[in-house]
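In what follows, a structure is listed as structure tokens, so that the remarks can point back to it.
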Amino acid sequence: MSDELPETLTLPDVARRVGVTPSTLRRWVSSGLVTLGDDGLPSAATLASARVVARLRERGFSLQEIREATESGKLASSYIEGLLPDAPAHWTLERAARETGLEPALIERIFMSMGFGAQGGLDHLTDDDVQLLRYAAAVLAAGLPLVAFLQLVRVYGTAMSQIADAEVRLFHLYVHEPLMRDGVPGWEMAEEMAGLAREILPLASPIMDHAHNRFLQHFIEQDVIGHMEADLGDGPLDLGRLRVAIAFADLAGYTRLTEEVGDEEAVSAVERFVEHVELSLPDDARIIKTIGDEVMVVGSDPGALLDWAVTFQRDVAQRPLPRIGMHYGETLYRDGDYYGREVNQASRVAARAAGGEVLVTRPVKDAARPGLAFDRIGEVRLKGFTEATELFLARQGERRRRGRRRG
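Okay, so the sequence shown: first residue is 22 according to the working numbering, each after it adds one.
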């Protein structure tokens, strides 16, 4: 039941795990496509290289094409897979359900929520898969509502998928590609990359655990503060809904910038913009997502977020200038994101702003802190909304500006 390879791995063992006949595997070894260990016996690298060859053969590549790709180093990163635990998939869905006490339909929902549905059938589960289901059963037995748990595992799956994708792509861009440009022979390249990965992989989980604990502490504190500062006069919200301030910010004229300076410089401008936003936000606010050059920010305190937006615009000197739109209202919280009419309204407000402007709705203006001034734009019909929305241009008040000059 262990994920580790047996101490004495044989060629028939490797052939069975890969799904080919022993004679086919021996032919791959004799032709140099699959390597044995220094002692002449199969190793984890043997299993990894055999899997690579098998997958490429299934996709129609000839042995000669695979050999050329191996010699050039194009397949070097594939052999890092040999460093990962090899878990035989011998659990069926029904057996896993009996083991964990979870209904088969619920197991399917859990795996689909995590994003595992497209990676293979649920009748071929590993020991690690079943251990995951044991954890899931324990969480549900502890009392976490199913609707919350499924959203949580969906967030976990999305985040970990993005992390794994970034790990592979960054390793490719900054390790694999430079080795190929230097003309390092294929097998030497594979050994060098595997050695580096062997040092790095054990560090990934501790780093992520530390980051998770730091962020968890931060958001628990913000949740407590949010409860203390909540305006009880607004009345209770329906289950799954939050009252938040929403800001959308992007770079005015970004498309034109791309045409003028090229993609790389334009992307660098977006990276600087997003980093500036991240580093300047108030404690209760965070970036929810980025879409091209646009960022969506959510915070619990509309006054603090409005102060940030006005100050952010004041401090920006480099073009293209950002434009910011804000709204405050009730949203639907699902899977770590915010949805609903109020979110759409904030996005439409931002689309009406010009570079260097902060446009806000009446609820944001009413929640503003002292020291800001507002120019009423008027009743504006936003795209997708039948009723007109009252908009205001937010800026620093004269008293606040004079105070800064005196300081």
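Backbone N, C-alpha and C fix where the C-beta goes; we use that ideal spot for every residue, glycine too.
Sheet register partners of residue i (DSSP bridge)
| i | result |
| --- | --- |
| R262 | L353 |
| F132 | For F132, which the question treats as bridged, DSSP gives no partner whatsoever. |
| K404 | DSSP output for K404 lists no bridge partner at all. |
| A386 | Here residue 386 turns out to be Lys, not Ala, going by the sequence shown. Paired residue(s): none; K386 is not in a bridge. |
| G346 | F269 and L380 |
| W112 | L146 |
| K434 | Nothing can be reported for residue 434: it is not among the residues displayed for the chain, which extend from 22 to 428. |
| G94 | According to DSSP, which records beta bridges pairwise, G94 is partnered with nothing at all. |
| G418 | None, per the DSSP bridge assignment. |
| Y156 | Answer by DSSP bridge pairing: none, since Y156 is not bridged. |
| H412 | Note that residue 412 is Leu in the sequence shown here, rather than His. Looking at the DSSP assignment, L412 forms a beta bridge with T382 and G399. |
| A338 | In the DSSP output, where bridge partners are listed per residue, A338 has none listed. |
| L54 | BP columns for L54 are empty, so no partner. |
| L393 | Q417 |
| Y360 | L353 |
Within 7 Å, strictly: CB atoms of residue i and residue j
| i | j | result |
| --- | --- | --- |
| Q334 | G274 | no |
| V379 | V319 | no |
| M347 | V381 | yes |
| E400 | A388 | no |
| D314 | V291 | yes |
| V41 | A75 | yes |
| L302 | V385 | no |
| L123 | L154 | yes |
| T67 | L54 | no |
| V282 | V295 | no |
| E188 | R262 | no |
| I345 | A225 | no |
| V364 | A415 | no |
| H145 | A110 | yes |
| Q172 | D60 | no |
| I267 | A367 | yes |
Counted within 10 angstroms of its Cβ, other Cβ atoms place residue i as buried (16 or more) or exposed
| i | result |
| --- | --- |
| I101 | buried |
| A126 | exposed |
| F236 | exposed |
| P206 | exposed |
| E419 | exposed |
| A287 | buried |
| Y360 | exposed |
| R369 | buried |
| A97 | buried |
| Y349 | buried |
| V168 | exposed |
| M214 | buried |
| F413 | buried |
| L253 | Because L253 carries a pLDDT of 42, less than 50, the predicted location of this residue cannot be relied on, and the following value inherits that uncertainty. When all chains shown are included, L253 counts as exposed. |
| L222 | exposed |
| T31 | exposed |
| P33 | exposed |
| I241 | exposed |
| L194 | exposed |
| M229 | exposed |
| L403 | buried |
| Q183 | exposed |
| T407 | exposed |
| P199 | exposed |
| P227 | exposed |
| L300 | exposed |
| A306 | buried |
| T29 | exposed |
| E25 | Low local confidence applies: a pLDDT of 48 at E25 is under 50, so the model's placement there is unreliable, and no value is given. |
| L272 | buried |
Anticipated Cβ contact below 8 Å, residue i with residue j, distance rounded
| i | j | result |
| --- | --- | --- |
| V160 | T121 | Not really, about 12 Å apart at Cβ, beyond 8 Å. |
| D358 | I312 | That belief does not hold up - the Cβ atoms of D358 and I312 are roughly 12 Å apart, past 8 Å. |
| S52 | L84 | 7 Å |
| L217 | V196 | 6 Å |
Proximity test, residue i beta-carbon vs the ligand SAH heavy atom, cut-off 6 Å
| i | result |
| --- | --- |
| L54 | Ligands in the displayed structure: none, and consequently the ligand SAH is not present. |
(message) For the structure I just gave you, are there three or more beta carbon pairs, one from the stretch 390 to 400 and one from the stretch 334 to 348, closer than 8 Å?
(response) no
(message) Does the structure place the stretch 123 to 137 close enough to the stretch 229 to 245 that three or more beta carbon pairs sit under 8 Å?
(response) Touching, no.
(message) Under 8 Å, with one C-beta from each stretch per pair, do the stretch 114 to 128 and the stretch 86 to 93 reach the 3-pair mark?
(response) Per the Cβ contact rule, the stretch 114 to 128 is not in contact with the stretch 86 to 93 (fewer than 3 Cβ pairs under 8 Å).
(request) May I ask you to verify whether the stretch 66 to 83 touches the stretch 38 to 46, counting CB pairs closer than 8 Å and requiring at least 3? (result) yes
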